[in-house]
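Protein chains in written order, with this note's numbering: chain C, 14 to 129; chain D, 5 to 112.
No residue lacks a Cβ here, since even glycine has one placed at the ideal position from N, Cα and C.
All values reported here derive from a predicted model rather than from experimental measurement.
Notes follow once the structure below has been shown.
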């Protein structure tokens, strides 16, 4: 079974703090993704990575950066946390070598971040 | 810009009844996914639909895809309480665009 883990389930930070959210997958997947989930807005893509040291902006990258130094780990960084970044953050990974054309993403348990 | 719309947003239904959730998307896509999310939990993959006319079934859930109409349906047959959850459709290949979700509540 694919396993995607995230460093924290719940996190409380103060405005202006630098925040690191870590995601690790154990299936040697090439692609990794960070989403945020807000009520009424569904999931929105923040950043994704096709492979190690590669990154692409998603739909809402402002205020975030990412790092992928190793294939299994994808970090989301909030350089200076703000209250409007209070949200549920979900990490996902995907293999490009799976069943033909499947492209299925596997999700981690999520980190609920509160910025005070 | 690809947009994905689901309806209804909220569905309260009695056990034993049938209902359908609709997912419309705005531009051509060759893949559509259905996910389930329980409260406080992450997303679990239900179905991957890859071609026009694709139909997949698992238990009381059946998903179908009409790429010409840009429409997917998730049909619930004889609902049970355990199906209570939020259901998302998502469209795309490399990047997924998610619908806003349908919160399903099944009551006795």
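Item, Value
"Beta carbon proximity, residue 131 (chain C) to chain D, threshold 8 Å", "Examination of residue 131 (chain C) is not possible in this model, given that chain C is present from 14 through 129 alone."
"Per-residue burial, residue 48 (chain C) [other beta carbons within 10 Å of its own, 16 or more giving buried]", "buried"
"Every unbroken beta strand (DSSP E) within the segment 20-77 of chain D, with a cutoff of 3 residues, ordered by chain", "23-29, 36-41, 47-53, 59-62, 65-70"
"The segment 20-39 of chain D contacting the segment 63-74 of chain D, beta-carbon criterion three pairs below 8 Å", "yes"
"Start-to-end residues for the beta strand (DSSP E) that takes in residue 89 (chain D)", "89-95"
"Burial state of residue 18 (chain C) (16 or more Cβ within 10 Å)", "exposed"
"Proximal residues of chain D, C-beta to C-beta of residue 55 (chain C) below 7 Å", "92, 102, 103, 104, 105"
"Residues that residue 35 (chain C) bridges to, as DSSP identifies them", "C:88"
"Interface residues of the segment 47-77 of chain D facing chain C [CB-CB below 7 Å]", "47, 49, 52, 54"
"Nearest-angstrom Cα separation, counted from residue 31 (chain C) out to residue 42 (chain D)", "30 Å"
"Contacts around residue 110 (chain D), its chain only, beta-carbon distance under 7 Å, and the 5 residues preceding and following it disregarded", "17, 19, 83, 84, 85, 87, 88"
"Min CB distance residue 38 (chain C) to chain D below 8 Å", "no"
"Nearest residue (CA-CA) to residue 63 (chain D), options D:54, D:80, D:7, D:39", "D:80"
"Residue environment, residue 44 (chain C), which counts as buried when at least 16 other CB atoms sit within 10 Å", "buried"
"Cβ neighbour criterion (16 or more within 10 Å) applied to residue 54 (chain C)", "exposed"
"Neighbour flag for residue 103 (chain C) against chain D, beta carbons, 8 Å", "yes"
"Any chain D beta carbon closer than 8 Å to residue 76 (chain C)", "no"
"Contacting residues, own chain, Cβ-Cβ under 7 Å from residue 80 (chain C) (five flanking each side not counted)", "88, 90"
"Nearest candidate by alpha-carbon position, reference residue 96 (chain D), set C:51, C:116, C:109", "C:116"
"Assigned exposure category for residue 106 (chain C) - 16 Cβ within 10 Å defines buried", "buried"
"Nearest candidate by alpha-carbon position, reference residue 82 (chain C), set C:63, C:28, C:58", "C:63"
"Separation of residue 25 (chain C) from residue 94 (chain C), as counted between CA atoms", "11 Å"
"Min CB distance residue 97 (chain D) to chain C below 8 Å", "yes"
"Beta-carbon gap between residue 102 (chain D) and residue 34 (chain C) smaller than 8 Å", "no"
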